[in-house]
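Chemist: Take the sequence shown: its letter number 136 is residue 135 in numbering that gives the first Met the number 0, and every next letter is one higher. Virtual Cβ for every residue (Gly too), placed ideally from N, Cα, C. The structure that follows is given in the form of structure tokens.
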Amino acid sequence: MYSKIMLPVDLNEEASWTKALPTALTLCRTFGASLHVVTVLPDYRMPMVGSYFPKDFAQKAHVAITDALHAFIKTNVPDDIQVQSVIVDGSPWEAIIKAAKKLDVDLIVMASHNKRKFVDYVLGPNAEHVVHHAKMSVMIVR
């Protein structure tokens, strides 16, 4: 039923993957699917934002997030799962949908933030936007 499963993660927010990762792994094993672990790097190159950072900041941030994502995968994804790390730039929900289309995934498995902290008012709508705008199936894990 599924051959490519995407798991968006925020490496700074454990709640973005603690429940969704086991679900994604089970689905990968059940269907023999590959796992595509995606994290979003904010776009620091926008003129309004970029002027506050050193010129090489985006490149250094990309290298750091690549290393962190590889470490995350090594620690949390078992060897029997075929996995790919993907880093995309931009706003979270738009970048997730763009990556899903580019990778031609069958299913996006993601967590829903349901706490009532300020950060959840910023991050919470991402799952909702992905559900409404994605052309592929989306599973929200609570």
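Please state if the CB of Ile80 and the CB of Met5 are separated by a distance shorter than 7 Å.
Modeler: No, they are not a contact pair.
Chemist: Comparing C-alpha positions only, which one of His35, Ile96, Val87, Ser33 sits nearest to Val62?
Modeler: The shortest C-alpha separation from Val62 is found at Val87.
Chemist: Over what stretch of residues does the alpha helix (DSSP H) that includes Gln58 continue unbroken?
Modeler: From DSSP, the alpha helix (DSSP H) with Gln58 extends over 56–75.
Chemist: Which residues bound the alpha helix (DSSP H) around Pro41?
Modeler: Careful: Pro41 lies outside any alpha helix (DSSP H) and carries neither H nor E.
Chemist: Tell me the DSSP secondary structure of Ile95 in three-state form.
Modeler: Helix at Ile95.
Chemist: Please return the same chain residues whose Cβ sits closer than 7 Å to the Cβ of Ile72, not counting the five positions on each side in sequence.
Modeler: Correct list, in chain order: Val36, Val82, Ser84.
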